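Residue numbers (the numbering used here), protein chains in the order written: chain C, 1 to 375; chain L, 376 to 660. The C-beta atom is built at its ideal place from N, Cα and C for all residues, glycine as well. Values in this document were obtained by computation on a predicted structure and should not be read as measured data. First comes the structure, then the notes that go with it.
So, in structure tokens, the structure goes:
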């Protein structure tokens, strides 16, 4: 960075250079794609409500939320298929909203793939290059190179109707990548695949994205998909962002009850904290326990089911009765009936059976595993 | 066992009877009559002769009639394909209250008799008709022009009659298109024109082709429009056959004309169908 500044210092008088250098100095923190107060209203209903998001170059970001949370609308606004009511989209310093959809140069993979059924796999991939008026020989090279990248080099001449769902998915990905898009937009790309294939494609998608390094935005309602693929997840609800964080942080330290409930399973309790500083006492229902952290306050807390263990009676925080237990191979999923309602407990299958249904059990968890969240 | 094997025949019996009585029997008798002989004194002679076919196949007059029939049908088909595809696409892009309304307007003419519609065109086409008056008013022509008894007039009127069939056929194809393919093409940098030519039209091609087959068959066998607009000067095969039957009373010659029209049409349609299937069977499976 220093060498760049000294190298251009001769032209410092020009204001455009000054701007350039200011931007360069801010470079480390400057985002590649920026959504600024992005809003879409239909009538008086805001589907997307004042979205602010900054994405770094090469980053893989997921927009995660239930259907109707505005994630797809956001993607469509970035793609240029929907005009926002308010707000800005800035890509690499340029106002993207002034650019029509067919000049934005973004790669999009649609939920239903949207392959051209009258073109072979290779023709589908080649289409974008033809539109860019790329010369024929280079076109052929790039098409076969990209089809090979997604592992479909041998099926170039097949029509989409003769390809499996997973293969169509790969063609769609190749078609979006071949134009070397500034941003790759993925709209629920894996939701039409069966579970096993989906997992396989998750790994593949991640490794391809790492290889080509394209900034990627994934829209999904599948929390495990979002966590598996992305550098950061943006959890959305009712058109607003609930939390932006790395997957591990979002899971371990959810800021709102919604995030806690949407990312994985969780139990929600009302915690009351009392007593002098240094000797805080927490209370949930009838159970009291000492709290070491001074940051803990009264309020709504969530506890992940895998953080709860079955304990001896003397360590019990919450007593209950095993309502049902479901064996899932690598873990047990248990519902325990307590005075505070049904509590979900996940126990790793360590070779020991969990208590049978109908028996009395005692639940216990570490106070620091409770996470204070906003309603 | 017997009962089961008889049931399909019994069930399809009424329909088969209907077909046999109202379709097979008339066509068979036309076919039979086409081999009869006709003379002005004795009328119909129940003999077997190829005279009528030989007369048609050796007379340039009939070649002209066949040529005109298929030429007009071809031009009408192309005009309908262009107009009908455009109409159907525009309709499909409309939002909902308008979509239904305009579809009704496009298909509405089907509810009016072809004769009435053609007479309407006759009013417009005449030398004192609106078109002639407009052309004179604008100054494109100095004297009155008439499109009556011209091929152009027949083509315009027939196209108007046939376009709804094309719209219906293309419309059905358009409904099956995944709307995201358009968005995908746009995102890949295609202009609106490229989207239509490279993505939409190829996908509705089966609809355009089946509509074309329908329009071509109906145009080549059209009677009312060619007889009113084309008149006796510009006969096509159906009007020529009609004249043989009702004016000259030469039923065998008229029948032979009808049979030849039927055979030519079947050859054209089967060939078109084969071609379509070979081209699109693999793609749309």
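Counting along the chain, where does the beta strand (DSSP E) carrying residue i start and finish?
i: residue 328 of chain C; result: Per DSSP, residue 328 of chain C belongs to no beta strand (DSSP E) and is neither H nor E.
i: residue 291 of chain C; result: 287-291
i: residue 49 of chain C; result: 45-55
i: residue 268 of chain C; result: 267-274
i: residue 420 of chain L; result: 418-420
i: residue 360 of chain C; result: 360-364
i: residue 283 of chain C; result: 280-284
Just list the residues that DSSP pairs residue i with in beta bridges.
i: residue 245 of chain C; result: C/233
i: residue 220 of chain C; result: C/64
i: residue 324 of chain C; result: C/335
i: residue 343 of chain C; result: C/336
i: residue 40 of chain C; result: C/48
i: residue 108 of chain C; result: C/185
i: residue 414 of chain L; result: L/418
i: residue 91 of chain C; result: C/33, C/94
i: residue 86 of chain C; result: C/39
i: residue 371 of chain C; result: C/302
i: residue 348 of chain C; result: C/331
i: residue 624 of chain L; result: None; residue 624 of chain L has no bridge partner.
Beta-carbon within less than 7 angstroms of residue i's beta-carbon, same chain only, minus the 5 sequence neighbours each way: which residues are those?
i: residue 116 of chain C; result: 124, 127
i: residue 632 of chain L; result: 431, 612, 615, 616, 619
i: residue 220 of chain C; result: 62, 64, 188, 226
i: residue 56 of chain C; result: 31, 32
i: residue 337 of chain C; result: 320, 321, 323
i: residue 298 of chain C; result: 271, 272, 273
i: residue 120 of chain C; result: 156, 157, 158, 159
i: residue 644 of chain L; result: 588, 592
i: residue 600 of chain L; result: 489, 493, 529, 532, 533, 536
i: residue 376 of chain L; result: Any reading at residue 376 of chain L needs caution, since the residue's pLDDT is 49, under 50, leaving its predicted position unreliable; the model's value is listed next. Result list for residue 376 of chain L: empty, nothing under 7 angstroms.
Can you say whether residue i is buried or exposed, counting buried as having 16 or more other CB atoms within 10 angstroms of its CB?
i: residue 171 of chain C; result: buried
i: residue 368 of chain C; result: exposed
i: residue 339 of chain C; result: exposed
i: residue 610 of chain L; result: buried
i: residue 535 of chain L; result: buried
i: residue 332 of chain C; result: buried
i: residue 353 of chain C; result: exposed
i: residue 460 of chain L; result: buried
i: residue 28 of chain C; result: Note that residue 28 of chain C scores a pLDDT of 48, beneath 50, so its modelled location is shaky; the value from the coordinates is reported in the next line. Residue 28 of chain C should be labelled exposed.
i: residue 73 of chain C; result: buried
i: residue 211 of chain C; result: exposed
i: residue 624 of chain L; result: exposed
i: residue 214 of chain C; result: buried
Considering residue i, what are the terminal residues of the alpha helix (DSSP H) in which it resides?
i: residue 592 of chain L; result: 576-595
i: residue 302 of chain C; result: Where residue 302 of chain C is concerned, there is no enclosing alpha helix (DSSP H), although the beta strand (DSSP E) it sits in stretches over 299-303.
i: residue 437 of chain L; result: 435-468
i: residue 474 of chain L; result: 471-482
i: residue 617 of chain L; result: 612-621
i: residue 136 of chain C; result: 136-149
i: residue 535 of chain L; result: 526-551
i: residue 257 of chain C; result: 257-262
i: residue 209 of chain C; result: 195-212
i: residue 308 of chain C; result: Careful: residue 308 of chain C lies outside any alpha helix (DSSP H) and carries neither H nor E.
i: residue 378 of chain C; result: Within the shown structure, residues of chain C are numbered from 1 to 375, placing residue 378 of chain C beyond reach of any answer.
i: residue 492 of chain L; result: 489-500
i: residue 175 of chain C; result: 165-177
Identify which residue in the options has its Cα closest to the Cα of residue i.
i: residue 257 of chain C; options: C/268, C/143, C/186; result: C/268
i: residue 466 of chain L; options: L/553, L/481, L/457; result: L/481
i: residue 658 of chain L; options: C/145, C/41, C/157; result: C/157
i: residue 287 of chain C; options: C/330, C/83, C/364, C/205; result: C/364
i: residue 553 of chain L; options: C/159, C/201, C/113, C/215; result: C/113
i: residue 45 of chain C; options: C/75, C/85, C/53; result: C/85
i: residue 313 of chain C; options: C/247, C/166, C/360, C/370; result: C/360
i: residue 626 of chain L; options: L/402, L/408, L/386; result: L/408
i: residue 630 of chain L; options: L/390, L/457, L/412; result: L/412
i: residue 345 of chain C; options: C/351, C/358, C/326; result: C/326
i: residue 462 of chain L; options: L/638, L/543, L/602, L/425; result: L/543
i: residue 150 of chain C; options: C/134, C/109, C/118, C/208; result: C/208
i: residue 41 of chain C; options: C/238, C/295, C/228, C/250; result: C/238
Grab me the residues of residue i's own chain with a C-beta within less than 8 angstroms of its C-beta, minus the 5 sequence neighbours each way, in chain order.
i: residue 10 of chain C; result: Residue confidence is low: residue 10 of chain C scores 39 on pLDDT, short of 50, so the model does not pin down where it sits. Its coordinate-derived value is still stated next. Excluding positions up to five away in sequence, the list is empty.
i: residue 2 of chain C; result: Residue placement at residue 2 of chain C cannot be trusted, given a pLDDT of 38 that sits under 50; the coordinates are not used to answer.
For residue i, which residues of its own chain have a beta-carbon under 6 angstroms away from its beta-carbon, when the five flanking residues on both sides are left out?
i: residue 255 of chain C; result: 243
i: residue 311 of chain C; result: 362, 364
i: residue 34 of chain C; result: 54, 90
i: residue 50 of chain C; result: 37, 39
Residue i: beta carbon under 7 angstroms from a heavy atom of the ligand SAM?
i: residue 460 of chain L; result: As for the ligand SAM, it is missing from this structure, which has no ligand bound.
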